[in-house]
Amino acid sequence: TVVSARQSKYQRIGVVRGGATEVDEDLYSRQLLAFGREAQARLAKSRVLVVGCDGIGVEICKNLALAGVAELCVCDSEAIKEKDVEENCFLRRDDLGKPRGPTAAVRL
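When we follow the working numbering, the leftmost residue of the sequence shown carries the number 35, and every step to the right adds one.
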């Protein structure tokens, strides 16, 4: 997994890239049964942008990462506050003041 953070004058984005070229049948066995090999292969090639990494946004990011998307971009330039650490399992107290998106993406 390669993680990078890029910053523009508008936003800060954390990017998580999966390196899988084939579908791992052991890892995704339940998804393969439910959706099939073709759907899992498409998911493994997909790129997803999630805007907002608080509350439900962090759950969406976690589920997408576990589902095996190829690239997950997390866009959230808000500074991490105390309440964020309590509701977001990917943030720590040491992260206070850092942007939420790239900081959470490193731990996804």
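All residues carry an ideal CB built from backbone N, CA and C; glycine is no exception. This one's a predicted model, so the numbers in the text were calculated from it and none came from an experiment.
Under the three-state DSSP convention, the category Leu83 falls into: DSSP, reduced to helix, strand and coil, places Leu83 within a strand of the structure shown.
message: Could you pull the DSSP bridge partners for Ala113 from this structure?
response: Per DSSP, Pro133.
Proximity of Val119 and Val84 at Cβ, strictly below 7 angstroms: Taking 7 angstroms as the Cβ cut-off, Val119 and Val84 do not qualify as a contacting pair.
query: By Cβ distance, which residues of its chain are closer than 8 angstroms to Arg71, with the 5 residues on each side in sequence left out?
result: In the same chain as Arg71, and ignoring 5 residues on each side of it, the C-beta atoms closer than 8 angstroms to its own belong to Val57, in chain order.
message: Under DSSP, the alpha helix (DSSP H) around Phe69 begins and ends at which residues?
response: Secondary structure note for Phe69: its alpha helix (DSSP H) is the uninterrupted segment 63-69.
message: Does Asn97 pass the burial test, meaning 16 or more other C-beta atoms within 10 Å, or should it be called exposed?
response: Counting Cβ neighbours within 10 Å, Asn97 comes out exposed, since fewer than 16 surround it.
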